[in-house]
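Visitor: Just dropping this structure here.
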Amino acid sequence: MSEHRPVARRTVLAAAATGAGLSVAGGDPAAAGGEPLRPVSMAMHLHGPFSEGGASYEAHLQQARRLGVDLVWWTDHDWRVAAHDHRRKVHFDGATELEKGLAWTWTPQTEGVLANAVVTFVPAPAAPGDSGRAMRLTALGAASAGGILWQAGSAWNSAYHTCVADTVLELDVLPEQAGPDAVLLVQMKLSYHPARGQQPAGEYVLRYRVGGAGQPAYTTLGLLGIVDVPAPAGTWTRLSLRLVEDIARLWPELVAPDNSMRGLRIGVSAGPGRQAGFVVDRLVLRRERRAGQGGEELRAEVLEHYAGEYEDVKQYRAYEISLVRHLNWYGGDQTLPPFPSPPARDDDPAAAAKMIDWLHGHGGIVCWNHPMDVETREGLARLMIERHKLGADLVEIGREPQEDLLWVYDVAARNALFFTAVGASDEHDGVDWLAGPERFLTYAWAPSRRRGDVVAALRRGAAWFVDPLYYRGSLDLLAGGRPAMGAVHVTRAATVKVDAVATSLPAGSVLEIVTGAADRAGTRKLAPSVSVQRVPAGSVPAAGFRVKVRPGPGAYVRTQVRLADNRLVGAGNPVWFLPKAPSRGIPSDRRRTLPS
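Numbering (the numbering used here) for the sequence shown: 61 to 656.
Set out below in structure tokens:
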């Protein structure tokens, strides 16, 4: 296993590419100003508290710093940022109830030891102004030990999980049998945070303990924060739980809005031999800043808290567009797209292609995410050819099923489909980026970490992806001594010399040089046509391993790195050599000419 040293400040390949201060020729936009190119590392698919998982932005930033990653793209789900059709009210009319046709469900759970526990949905008593039923919870603690009767709430597609930054919970409560050892509990999971100050790393939990006529009180037990809320017996009390204010009071060292709300439970706690009884009604999840672009503005405010603390990690907001086949959108104007109601995903390729056109109209580049989630590899390859890769600029090739996706990529390259293969992690928890099976980082040859520079490099294919657990080196291709990864050359040359450059190869690994036909065979030959030359790591010169390519009816070259056990740990984008431009043309930022 190699060391996890970042290569973000390396200039060795830029120097090799440009010679003694020579700017990159052939229309390379990144080098037009003479700035040397360098490898810029990025995590391209990250979900924070505005998505449905348990990660805080802080947790991801700590992981990025740990691994020396230059920049992160925050790809929270678009409709979740807007809290579109997220649950707003629960009336406790039954174990399952609908809102806009979408279900909310209560599931009973117990904790500790209870002699008796009953949940009923009753027509009376009901909270003032709320028709229908209410939920009565009663529990009797065992003689030797008490316990908790919980009702765990869940919404269709987790459509209440989102950031707490603007969230206030309202709940009507009627204590019937209450006391110091007989209380109502309202509890939720917050996000995972790294260790900070005296606080250990872990997932925070916020608990409200309701009952009695005392004063509000705050107690912190490590990662569990408890807020005591008075509610006199025998009368309805409307609670207003301001989550961010309470989190800040309990854990002042945290960025309080950088938390999700998940695992919502309501229950009664009964001590040994004690009877607890409460009626609850009218749960309102009030999100105060999600109308229009409000959710995106709120997300920007939450992230601003970390701008100073994590200056070493550049942060850019993006979206995972999630109600079509999933798409990541980078570098655009951040306008939220129109959403269907209910927010059901439409897997029709035409819907994704239409959305990509809409996103391009708002700037930036678009990535087709986890493209095999609803396709076989043959079906995906056919779809890419027939629908011109839906118009996407990038595709997540660096993820599972890895070998199938590489097969698809070679079919696409054979058909001169010019998109950039990138790697992804689709990270939702932020605990350890190296622990999951999908942990790819992407690098791009860019003059800086500026958003425009990185987007331009990704668009033109000057990128590769790595598994950072095993490999953090750089990959490039030189044609005629000039950087050529992602480039398309129109040439009638009989042979072309290509130098495959790879740095910091792990011991025992091999650099595979994949040379393929780019004969645009279409769907009649739905398979790659490649040869693979395996070069041991110790045989790869610093200036690159040279191969001679015969373009003929069209050819491409790409490289990948495998360990001794054949595990793929890195792969780069191709360079193409075509006798003429395809009918759809060649993007101007990819088109190159070979030196005479």
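Heads up, the beta-carbon is just placed ideally off N, CA and C, and yes, glycines get one too.
Taking buried to mean at least 16 other C-beta atoms within 10 Å of its own C-beta, is F637 buried or exposed?
Guide: buried
Visitor: Would you report the Cα separation of A199 and E263, rounded to the nearest angstrom?
Guide: Between the C-alpha atoms of A199 and E263 there is a straight-line separation of about 28 Å.
Visitor: If you pair each beta-carbon of the stretch 518 to 534 with each one of the stretch 112 to 119, do three or more pairs fall below 8 Å?
Guide: no
Visitor: Output the distance between the C-alpha atoms of G442 and G354, rounded to the nearest integer angstrom.
Guide: According to the sequence displayed, residue 442 carries Arg and not Gly. Roughly 40 Å separates the two Cα atoms.
Visitor: From S564 to A367, what distance separates their C-alpha atoms?
Guide: 32 Å
Visitor: Can you name, in chain order, every residue of its own chain whose Cβ lies under 8 Å from the Cβ of A523, other than the five neighbours on each side?
Guide: T480, A481, V482, T502, Y503, A504, W505, A517, M545, G546, G632, N633
Visitor: Who are the near neighbours of A203 in its chain, counting only those whose CB is closer than 8 Å to its CB and skipping five residues on each side?
Guide: A175, P332, G333
Visitor: Excluding the five sequence neighbours on either side, which residues of its own chain have a C-beta within less than 7 Å of the C-beta of V570, listed in chain order?
Guide: R594, V595, P596, A597, R622
Visitor: With a threshold of 8 Å on Cβ separation, who are the neighbours of Q211 within its own chain once the five nearest residues in sequence on each side are excluded?
Guide: W166, T167, P168, Q169, V179, M195, L197, R325, I326, G327
Visitor: Any idea which residues DSSP pairs S300 with across the strands?
Guide: E230
Visitor: Check the DSSP bridge columns for S329 and list the partner residues they point to.
Guide: I208, V243
Visitor: Does S643 pass the burial test, meaning 16 or more other C-beta atoms within 10 Å, or should it be called exposed?
Guide: exposed
Visitor: Grab the span of the alpha helix (DSSP H) containing A641 for me, first residue to last.
Guide: Taken as a continuous stretch (DSSP letters only), A641 belongs to no alpha helix (DSSP H), as it is neither H nor E.
Visitor: I'd like the span of the beta strand (DSSP E) that includes W524, first residue to last.
Guide: 523 to 526
Visitor: Specify the secondary structure class of E171 as computed by DSSP and reduced to three states.
Guide: E171 falls in the strand class under three-state DSSP.
Visitor: Where W311 and W164 are concerned, what is the direct C-alpha to C-alpha distance, given to the nearest angstrom?
Guide: Spanning the two alpha carbons is a distance of roughly 31 Å.
Visitor: Could you spell out where the alpha helix (DSSP H) holding D513 opens and where it closes?
Guide: 511 to 519
Visitor: Go through its chain and collect everything with a Cβ distance to R349's Cβ below 6 Å, but skip five positions before and after it.
Guide: So the list reads D226, L358, once near-sequence residues are dropped.
Visitor: By Cβ distance below 7 Å, which residues in the same chain neighbour G391 in space, the five residues on each side in sequence not counted?
Guide: G423, G424, I425, R511, V515
Visitor: For D625, count the other beta carbons within 10 Å of its own beta carbon; 16 or more makes it buried, fewer makes it exposed. Which is it?
Guide: Its Cβ having fewer than 16 others within 10 Å, D625 is exposed.
Visitor: Enumerate, from N- to C-terminal direction, the unbroken beta strand (DSSP E) stretches of 3 or more residues contained entirely within the stretch 575 to 624.
Guide: 590 to 596, 605 to 609, 615 to 622
Visitor: Does DSSP classify N176 as helix, strand or coil?
Guide: strand
Visitor: My output table needs one value for A90: the three-state DSSP class, helix, strand or coil.
Guide: Note that A90 scores 40 on pLDDT, short of 50, meaning its location in the model is unreliable; the coordinates nonetheless yield the value given after this. If DSSP states are grouped into helix, strand and coil, A90 belongs with the helices.
Visitor: My parser needs the alpha helix (DSSP H) runs of 4 or more residues fully inside the stretch 412 to 477; what are they?
Guide: 437 to 446, 462 to 474
Visitor: Can you give me the start and stop residues for the alpha helix (DSSP H) that W139 sits inside?
Guide: W139: member of the alpha helix (DSSP H) spanning 138 to 141, first to last residue.
Visitor: From R125 to D318, what distance separates their C-alpha atoms?
Guide: 18 Å
Visitor: Where does T135 land, buried or exposed, given buried means 16+ other C-beta within 10 angstroms?
Guide: buried
Visitor: For L121, does the three-state DSSP call read helix, strand or coil?
Guide: DSSP places L121 in helix when its eight states are reduced to three.
Visitor: What's the C-alpha gap between A553 and Y616?
Guide: 14 Å
Visitor: What separation, rounded to the nearest whole angstrom, lies between the Cα atoms of A577 and E159?
Guide: 55 Å
Visitor: Taking the alpha-carbon positions, what's the R405 to V270 distance?
Guide: 39 Å
Visitor: On the DSSP bridge assignment, give the partners of S101 in chain order.
Guide: Y503
Visitor: Bridge partners of Y252, per DSSP?
Guide: A115, E263
Visitor: For L281, count the other beta carbons within 10 Å of its own beta carbon; 16 or more makes it buried, fewer makes it exposed. Which is it?
Guide: exposed
Visitor: According to DSSP, is S191 part of a helix, a strand, or is it coil?
Guide: coil
Visitor: Quick check on DSSP: helix, strand or coil for E95?
Guide: coil
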